[in-house]
Amino acid sequence: MHRLLERAAPLALLATGLLSGASARADADAHWRIAVADREEPVVRVIDVADGREIGRFATEAPAALRLGASGTVVYAVQGNADLVQAIDSGIAFEDHGEHRDLTIGEPRLLDARLEGGKPSHFVAGSGRIAVFFDRDGRAAVVREADFLAGSDRPGWYDTAAPHHGVAATAGAHVLVSVPDAEDPADGPDHIRVLDADGRPVGGDHACPDLHGEAVSASLKAIACATGLLLVTTTADGPAIEHLPYDAALPEGKATTLAGGTSLQYFLGNFGPSAVVLIEPDAEPAFRLVELPSRRVTFGIDPLRSENAYVMTEDGSLHPSAPPIVNATRFFHGIAARAHRGTPAPAATGNRPALTLS
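Position one of the sequence shown corresponds to residue 368 (this note's numbering), numbered consecutively onward.
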(Lines of atoms letter the chains of each structure in order from A; the text may use other names.)
(Lines give C-alpha, C1' and ligand atoms only; values in the text may rest on other atoms or scores of the structure.)
Protein backbone atom coordinates (compact mmCIF):
# COMPACT_ATOMS: atom_id res chain seq x y z
CA MET A 368 0.00 0.00 0.00
CA HIS A 369 2.81 2.42 0.81
CA ARG A 370 4.30 1.94 -2.68
CA LEU A 371 0.87 2.45 -4.22
CA LEU A 372 0.33 5.72 -2.41
CA GLU A 373 3.75 7.02 -3.36
CA ARG A 374 2.83 6.64 -7.02
CA ALA A 375 -0.83 7.58 -6.78
CA ALA A 376 -2.25 10.36 -8.85
CA PRO A 377 -4.01 12.89 -6.62
CA LEU A 378 -7.66 12.65 -5.67
CA ALA A 379 -8.83 16.09 -6.60
CA LEU A 380 -11.94 17.82 -5.40
CA LEU A 381 -11.18 16.90 -1.88
CA ALA A 382 -12.26 13.64 -3.04
CA THR A 383 -12.37 13.52 -6.71
CA GLY A 384 -11.95 9.88 -6.89
CA LEU A 385 -13.59 9.48 -3.51
CA LEU A 386 -16.61 7.23 -3.95
CA SER A 387 -18.95 8.04 -1.11
CA GLY A 388 -21.53 5.60 0.16
CA ALA A 389 -22.81 7.88 2.87
CA SER A 390 -26.51 8.14 3.49
CA ALA A 391 -28.21 11.14 5.03
CA ARG A 392 -27.88 9.44 8.38
CA ALA A 393 -24.83 8.86 10.56
CA ASP A 394 -21.45 7.43 9.62
CA ALA A 395 -22.57 4.06 10.96
CA ASP A 396 -24.86 3.88 7.91
CA ALA A 397 -22.10 4.83 5.47
CA HIS A 398 -19.61 2.96 3.36
CA TRP A 399 -16.54 4.52 1.82
CA ARG A 400 -14.43 3.59 -1.16
CA ILE A 401 -11.57 5.46 -2.77
CA ALA A 402 -10.48 5.24 -6.39
CA VAL A 403 -6.76 5.86 -6.93
CA ALA A 404 -5.14 6.51 -10.31
CA ASP A 405 -1.48 5.75 -10.95
CA ARG A 406 0.45 8.65 -12.48
CA GLU A 407 2.87 6.26 -14.20
CA GLU A 408 0.69 3.34 -15.25
CA PRO A 409 -2.73 3.19 -16.97
CA VAL A 410 -4.61 1.68 -14.06
CA VAL A 411 -7.22 2.72 -11.48
CA ARG A 412 -7.52 0.87 -8.18
CA VAL A 413 -10.56 0.91 -5.90
CA ILE A 414 -9.81 0.61 -2.19
CA ASP A 415 -12.27 -0.16 0.59
CA VAL A 416 -11.65 2.38 3.34
CA ALA A 417 -12.88 0.14 6.15
CA ASP A 418 -9.98 -2.31 5.89
CA GLY A 419 -7.67 -0.83 3.26
CA ARG A 420 -8.16 -3.74 0.83
CA GLU A 421 -7.88 -3.27 -2.89
CA ILE A 422 -11.23 -4.55 -4.18
CA GLY A 423 -10.91 -3.62 -7.83
CA ARG A 424 -8.22 -2.87 -10.43
CA PHE A 425 -9.11 -1.54 -13.86
CA ALA A 426 -6.90 -0.97 -16.87
CA THR A 427 -7.26 2.35 -18.65
CA GLU A 428 -5.66 3.41 -21.92
CA ALA A 429 -3.46 6.11 -20.35
CA PRO A 430 -2.74 7.43 -16.85
CA ALA A 431 -5.92 9.15 -15.72
CA ALA A 432 -7.14 12.11 -13.73
CA LEU A 433 -10.13 11.08 -11.62
CA ARG A 434 -13.33 13.09 -11.37
CA LEU A 435 -16.45 12.33 -9.35
CA GLY A 436 -19.73 12.19 -11.27
CA ALA A 437 -22.99 13.93 -10.49
CA SER A 438 -24.36 10.85 -8.70
CA GLY A 439 -21.44 10.63 -6.27
CA THR A 440 -21.12 6.89 -6.89
CA VAL A 441 -19.36 6.84 -10.27
CA VAL A 442 -15.84 8.05 -10.90
CA TYR A 443 -14.59 9.15 -14.33
CA ALA A 444 -11.09 8.46 -15.60
CA VAL A 445 -10.18 11.46 -17.76
CA GLN A 446 -7.32 10.40 -20.04
CA GLY A 447 -5.96 13.40 -21.91
CA ASN A 448 -3.19 11.40 -23.57
CA ALA A 449 -5.64 8.77 -24.85
CA ASP A 450 -8.43 11.16 -25.98
CA LEU A 451 -10.83 9.26 -23.77
CA VAL A 452 -13.05 9.40 -20.68
CA GLN A 453 -14.12 6.13 -19.05
CA ALA A 454 -16.48 5.46 -16.13
CA ILE A 455 -16.02 3.21 -13.10
CA ASP A 456 -19.03 2.22 -10.99
CA SER A 457 -18.06 2.12 -7.32
CA GLY A 458 -20.48 -0.71 -6.53
CA ILE A 459 -22.27 1.63 -4.11
CA ALA A 460 -25.90 2.46 -4.87
CA PHE A 461 -28.80 4.25 -3.20
CA GLU A 462 -32.51 3.44 -3.36
CA ASP A 463 -34.67 6.43 -2.46
CA HIS A 464 -37.66 5.71 -0.20
CA GLY A 465 -38.63 9.32 0.42
CA GLU A 466 -37.92 9.69 4.14
CA HIS A 467 -34.74 7.62 3.83
CA ARG A 468 -32.39 6.01 1.34
CA ASP A 469 -31.26 2.39 1.42
CA LEU A 470 -27.59 1.71 0.79
CA THR A 471 -26.53 -1.33 -1.21
CA ILE A 472 -22.95 -2.52 -1.65
CA GLY A 473 -21.70 -4.48 -4.65
CA GLU A 474 -18.51 -4.98 -6.63
CA PRO A 475 -16.89 -2.08 -8.48
CA ARG A 476 -16.76 -2.41 -12.27
CA LEU A 477 -15.51 -0.65 -15.36
CA LEU A 478 -18.51 0.42 -17.44
CA ASP A 479 -18.85 0.33 -21.22
CA ALA A 480 -19.73 4.05 -21.35
CA ARG A 481 -17.05 6.12 -23.10
CA LEU A 482 -16.56 9.69 -24.26
CA GLU A 483 -14.00 10.17 -27.00
CA GLY A 484 -12.46 13.40 -28.29
CA GLY A 485 -9.26 15.35 -28.55
CA LYS A 486 -7.55 15.76 -25.17
CA PRO A 487 -10.33 15.84 -22.55
CA SER A 488 -9.49 18.20 -19.69
CA HIS A 489 -12.00 19.97 -17.46
CA PHE A 490 -14.84 17.78 -16.17
CA VAL A 491 -17.82 19.42 -14.44
CA ALA A 492 -20.74 17.50 -12.89
CA GLY A 493 -23.98 18.94 -11.58
CA SER A 494 -27.78 18.67 -11.68
CA GLY A 495 -27.57 15.12 -12.98
CA ARG A 496 -25.47 16.01 -16.00
CA ILE A 497 -21.78 15.94 -16.84
CA ALA A 498 -19.84 18.29 -19.11
CA VAL A 499 -16.39 17.51 -20.52
CA PHE A 500 -14.28 19.98 -22.48
CA PHE A 501 -11.96 18.60 -25.17
CA ASP A 502 -9.05 21.01 -25.56
CA ARG A 503 -7.69 19.85 -28.91
CA ASP A 504 -11.15 19.92 -30.51
CA GLY A 505 -12.27 23.15 -28.89
CA ARG A 506 -15.67 21.69 -28.06
CA ALA A 507 -17.62 20.26 -25.14
CA ALA A 508 -19.74 17.16 -24.61
CA VAL A 509 -22.77 17.41 -22.30
CA VAL A 510 -24.88 14.43 -21.34
CA ARG A 511 -27.35 13.33 -18.69
CA GLU A 512 -25.28 11.03 -16.51
CA ALA A 513 -27.81 8.28 -15.75
CA ASP A 514 -28.79 7.84 -19.39
CA PHE A 515 -25.19 7.93 -20.57
CA LEU A 516 -24.10 5.28 -18.08
CA ALA A 517 -27.03 3.09 -19.14
CA GLY A 518 -25.97 3.43 -22.78
CA SER A 519 -29.28 5.05 -23.78
CA ASP A 520 -28.17 8.59 -24.53
CA ARG A 521 -25.58 10.27 -26.72
CA PRO A 522 -23.91 13.51 -25.66
CA GLY A 523 -24.77 16.88 -27.11
CA TRP A 524 -21.74 18.63 -28.62
CA TYR A 525 -21.09 22.36 -28.26
CA ASP A 526 -18.43 24.03 -30.40
CA THR A 527 -16.26 27.04 -29.60
CA ALA A 528 -14.25 29.26 -31.95
CA ALA A 529 -10.94 27.41 -31.67
CA PRO A 530 -9.09 24.70 -29.74
CA HIS A 531 -7.98 25.94 -26.31
CA HIS A 532 -7.67 24.85 -22.68
CA GLY A 533 -11.31 25.45 -21.89
CA VAL A 534 -14.24 24.51 -19.71
CA ALA A 535 -17.96 23.84 -20.00
CA ALA A 536 -20.71 23.55 -17.39
CA THR A 537 -24.47 23.21 -17.33
CA ALA A 538 -26.89 25.81 -15.98
CA GLY A 539 -30.43 24.50 -16.15
CA ALA A 540 -31.26 23.85 -19.81
CA HIS A 541 -28.31 26.03 -20.88
CA VAL A 542 -24.62 25.32 -21.29
CA LEU A 543 -21.74 27.62 -20.37
CA VAL A 544 -18.61 27.38 -22.52
CA SER A 545 -15.31 29.24 -22.42
CA VAL A 546 -14.40 31.56 -25.28
CA PRO A 547 -10.74 31.55 -26.40
CA ASP A 548 -8.65 34.67 -26.79
CA ALA A 549 -9.54 36.05 -30.23
CA GLU A 550 -5.95 36.94 -31.16
CA ASP A 551 -4.19 33.88 -29.75
CA PRO A 552 -6.31 30.94 -28.51
CA ALA A 553 -3.17 29.47 -26.94
CA ASP A 554 -3.36 32.26 -24.37
CA GLY A 555 -6.43 30.55 -22.98
CA PRO A 556 -10.04 31.67 -22.61
CA ASP A 557 -11.07 35.19 -21.59
CA HIS A 558 -14.89 35.09 -21.76
CA ILE A 559 -17.83 32.83 -20.88
CA ARG A 560 -20.65 32.31 -23.38
CA VAL A 561 -24.15 31.03 -22.64
CA LEU A 562 -25.61 28.60 -25.19
CA ASP A 563 -29.12 27.22 -25.45
CA ALA A 564 -29.83 23.52 -25.88
CA ASP A 565 -29.27 23.83 -29.64
CA GLY A 566 -25.90 25.55 -29.23
CA ARG A 567 -27.09 29.07 -30.07
CA PRO A 568 -25.59 31.99 -28.09
CA VAL A 569 -27.88 33.63 -25.56
CA GLY A 570 -27.04 37.28 -24.84
CA GLY A 571 -23.52 38.66 -24.94
CA ASP A 572 -20.29 37.11 -23.75
CA HIS A 573 -19.14 37.67 -20.17
CA ALA A 574 -15.58 38.89 -19.67
CA CYS A 575 -13.35 36.67 -17.55
CA PRO A 576 -9.66 37.38 -18.26
CA ASP A 577 -7.24 34.50 -17.51
CA LEU A 578 -10.20 32.20 -16.96
CA HIS A 579 -9.19 29.08 -15.05
CA GLY A 580 -10.88 27.22 -12.24
CA GLU A 581 -14.50 26.52 -11.48
CA ALA A 582 -16.59 25.01 -8.70
CA VAL A 583 -20.18 24.54 -7.58
CA SER A 584 -21.51 25.30 -4.11
CA ALA A 585 -25.14 24.37 -3.54
CA SER A 586 -26.96 26.08 -6.45
CA LEU A 587 -24.21 28.61 -7.15
CA LYS A 588 -21.45 28.18 -9.73
CA ALA A 589 -18.22 30.17 -9.59
CA ILE A 590 -15.65 30.68 -12.34
CA ALA A 591 -12.28 32.17 -11.47
CA CYS A 592 -10.92 35.14 -13.43
CA ALA A 593 -7.94 37.45 -13.03
CA THR A 594 -10.32 40.18 -11.83
CA GLY A 595 -12.52 38.15 -9.48
CA LEU A 596 -15.22 35.53 -9.88
CA LEU A 597 -18.13 35.11 -12.24
CA LEU A 598 -21.08 33.87 -10.17
CA VAL A 599 -23.75 31.93 -12.02
CA THR A 600 -27.25 31.26 -10.72
CA THR A 601 -29.97 29.43 -12.64
CA THR A 602 -33.28 31.28 -12.98
CA ALA A 603 -36.52 30.63 -14.86
CA ASP A 604 -35.23 32.96 -17.59
CA GLY A 605 -31.86 31.24 -17.88
CA PRO A 606 -28.46 31.73 -16.23
CA ALA A 607 -27.86 34.99 -14.37
CA ILE A 608 -24.17 35.92 -14.30
CA GLU A 609 -22.60 38.60 -12.16
CA HIS A 610 -19.01 39.61 -11.55
CA LEU A 611 -17.68 39.60 -7.99
CA PRO A 612 -14.43 41.63 -8.02
CA TYR A 613 -11.57 40.80 -5.69
CA ASP A 614 -11.56 42.86 -2.53
CA ALA A 615 -9.19 45.83 -2.63
CA ALA A 616 -7.64 44.65 0.64
CA LEU A 617 -6.33 41.46 -0.98
CA PRO A 618 -2.69 41.40 -2.09
CA GLU A 619 -1.87 41.11 -5.77
CA GLY A 620 -2.84 37.70 -7.09
CA LYS A 621 -5.74 35.60 -8.31
CA ALA A 622 -7.47 32.28 -7.76
CA THR A 623 -6.96 29.62 -10.42
CA THR A 624 -8.37 26.60 -8.56
CA LEU A 625 -11.66 26.52 -6.65
CA ALA A 626 -13.48 24.09 -4.38
CA GLY A 627 -17.11 24.53 -3.33
CA GLY A 628 -19.02 23.55 -0.21
CA THR A 629 -22.14 21.40 -0.48
CA SER A 630 -24.20 21.90 2.69
CA LEU A 631 -22.70 25.38 3.21
CA GLN A 632 -22.45 27.88 0.38
CA TYR A 633 -18.88 29.08 0.11
CA PHE A 634 -15.76 28.57 -1.99
CA LEU A 635 -12.12 28.00 -1.19
CA GLY A 636 -9.44 29.01 -3.66
CA ASN A 637 -5.69 29.27 -4.02
CA PHE A 638 -4.23 32.77 -3.82
CA GLY A 639 -0.49 33.01 -4.19
CA PRO A 640 1.92 30.28 -3.12
CA SER A 641 1.35 30.50 0.65
CA ALA A 642 -2.30 31.35 1.13
CA VAL A 643 -5.85 30.33 0.39
CA VAL A 644 -8.87 32.60 0.07
CA LEU A 645 -12.24 31.90 1.65
CA ILE A 646 -15.04 33.26 -0.54
CA GLU A 647 -18.52 33.92 0.83
CA PRO A 648 -20.30 35.89 -1.92
CA ASP A 649 -23.02 37.32 0.36
CA ALA A 650 -20.66 38.25 3.21
CA GLU A 651 -18.80 41.50 3.82
CA PRO A 652 -16.02 41.23 2.92
CA ALA A 653 -16.69 38.45 0.43
CA PHE A 654 -13.01 37.42 0.31
CA ARG A 655 -10.95 36.46 3.36
CA LEU A 656 -7.28 35.64 2.92
CA VAL A 657 -5.85 32.85 5.09
CA GLU A 658 -2.06 32.98 5.32
CA LEU A 659 -0.30 29.64 5.67
CA PRO A 660 2.89 28.85 7.61
CA SER A 661 4.56 27.48 4.47
CA ARG A 662 3.82 27.01 0.80
CA ARG A 663 0.51 25.42 -0.06
CA VAL A 664 0.54 22.04 -1.80
CA THR A 665 -3.19 21.30 -2.16
CA PHE A 666 -6.57 21.88 -0.54
CA GLY A 667 -10.18 20.67 -0.57
CA ILE A 668 -13.56 20.67 1.16
CA ASP A 669 -15.28 17.70 2.81
CA PRO A 670 -18.13 16.74 0.42
CA LEU A 671 -20.47 15.80 3.28
CA ARG A 672 -19.47 18.22 6.05
CA SER A 673 -18.80 21.50 4.33
CA GLU A 674 -17.65 23.14 7.55
CA ASN A 675 -14.52 20.98 7.26
CA ALA A 676 -11.86 22.02 4.78
CA TYR A 677 -8.27 20.87 4.59
CA VAL A 678 -5.08 22.48 3.35
CA MET A 679 -1.76 20.65 3.02
CA THR A 680 1.42 22.71 3.17
CA GLU A 681 4.94 21.96 2.02
CA ASP A 682 6.19 21.38 5.56
CA GLY A 683 4.10 18.20 5.61
CA SER A 684 1.24 19.55 7.74
CA LEU A 685 -2.45 18.97 7.08
CA HIS A 686 -4.43 21.96 8.32
CA PRO A 687 -8.13 21.48 9.08
CA SER A 688 -9.91 24.74 8.36
CA ALA A 689 -13.18 25.84 9.83
CA PRO A 690 -11.73 28.64 9.10
CA PRO A 691 -9.29 30.01 10.27
CA ILE A 692 -6.85 27.19 9.73
CA VAL A 693 -5.78 25.74 13.08
CA ASN A 694 -4.49 22.58 14.76
CA ALA A 695 -2.22 21.37 12.00
CA THR A 696 -1.31 17.68 11.99
CA ARG A 697 2.17 16.76 10.76
CA PHE A 698 2.04 13.80 8.37
CA PHE A 699 5.45 14.02 6.73
CA HIS A 700 8.78 15.79 7.19
CA GLY A 701 8.29 17.77 4.02
CA ILE A 702 6.66 17.67 0.60
CA ALA A 703 7.82 19.63 -2.43
CA ALA A 704 5.19 21.44 -4.48
CA ARG A 705 6.51 20.38 -7.87
CA ALA A 706 5.28 21.92 -11.09
CA HIS A 707 3.67 19.59 -13.63
CA ARG A 708 3.65 16.67 -11.18
CA GLY A 709 1.00 15.02 -9.12
CA THR A 710 0.80 16.32 -5.56
CA PRO A 711 -0.62 15.01 -2.29
CA ALA A 712 -4.36 15.42 -2.13
CA PRO A 713 -6.75 15.20 0.82
CA ALA A 714 -9.96 13.21 0.72
CA ALA A 715 -12.58 13.10 3.47
CA THR A 716 -13.98 9.67 4.30
CA GLY A 717 -16.49 10.08 7.09
CA ASN A 718 -14.58 11.16 10.18
CA ARG A 719 -11.18 10.24 8.72
CA PRO A 720 -9.16 12.20 6.19
CA ALA A 721 -7.37 10.14 3.56
CA LEU A 722 -4.26 11.23 1.72
CA THR A 723 -2.57 10.19 -1.50
CA LEU A 724 1.02 10.92 -2.45
CA SER A 725 2.55 11.26 -5.89
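For every residue, glycine included, the Cβ atom is placed at its ideal position computed from N, Cα and C.
From a predicted model like this one, the values you see are computed outputs, not experimental measurements.
The way I'd put it, the stretch 664-680 doesn't touch the stretch 598-612; fewer than three beta-carbon pairs between them come closer than 8 Å.
Shown here for Lys486: same chain residues with a beta carbon closer than 7 Å to its own, the five before and five after excluded, namely Gly447, Asp450, Phe501, Asp502, Arg503 in chain order. Pairing Val442 with Ala402 gives a Cβ-Cβ distance under 8 Å. The beta carbons of Ala498 and Ala454 sit no closer together than 8 Å.
With a contact defined as Cβ atoms closer than 8 Å, Gly636 and Ala591 qualify at about 6 Å.
Going by beta carbons, Glu421 and Pro409 fall outside the 8 Å limit. With contacts defined as CB atoms closer than 8 Å, Arg434 and Phe515 fail to qualify as a contacting pair. The alpha helix (DSSP H) runs lying completely inside the stretch 422-455 and spanning 4 residues or more number zero. Pairwise C-beta distances place the stretch 541-561 in contact with the stretch 576-586, as three or more of them are shorter than 8 Å. Secondary-structure assignment with DSSP links Phe461 through a beta bridge to Leu470.
Classified as buried, Val583 has 16 or more neighbouring CB atoms from the shown chains inside 10 Å of its CB.
Contact annotation, Trp399 with Val413: C-beta distance approximately 11 Å; criterion of less than 8 Å not satisfied. One thing to note: Gly493 has its Cβ within 8 Å of the Cβ of Ala437. Under DSSP, Asp418 takes part in no beta bridge, so it has no partner. Ranked by how close their Cα comes to the Cα of Val542, the residues Pro552, Tyr525, Asp551 have Tyr525 in first place.
In this structure, Thr629 lies away from Pro687, with their beta-carbon atoms at least 8 Å apart. Note on geometry: alpha-carbon atoms of Pro568 and Val546 lie some 12 Å from one another. Annotation: Ala538 to Thr601 spans about 6 Å, alpha carbon to alpha carbon. In its chain, beyond the 5 residues on either side, Ala376, Ala404, Pro409, Val411, Ala444, Val445, Gln446, Gln453 have a beta carbon closer than 8 Å to the beta carbon of Ala431. Nearest neighbour of Glu619 by Cα position, chosen from Val644, Ser519, Glu462, Pro522, turns out to be Val644. Distance check between Thr623 and each of Asp551, Ile646, Ala593 places Ala593 closest, using alpha-carbon atoms only. With a threshold of 16 other beta carbon atoms within 10 Å, Asp418 falls short and is exposed. In the DSSP assignment, the residues bridged to Ser584 are Leu587. Spanning the alpha carbons of Gly505 and Glu550 requires a straight line of approximately 15 Å. C-alpha of Ala676 to C-alpha of Ala616: approximately 23 Å in a straight line. Nearest in C-alpha terms to Ser641, of all of Pro475, Val678, Ala397, Phe654, is Val678.
The C-beta of Ser457 has 16 or more other C-beta atoms within 10 Å across all chains shown, which makes the residue buried. Scanning its chain for C-beta atoms nearer than 8 Å, with the 5 sequence neighbours on each side dropped, one finds around Leu562 the residues Tyr525, His541, Val542, Leu543, Val544, Pro568, Val569, in chain order.
When the beta-carbon positions are compared, Phe634 and Ala589 come within less than 8 Å of each other.
Distance from the Cα of His573 is smallest, within the candidate group Pro552, Asp565, Leu598, for Leu598.
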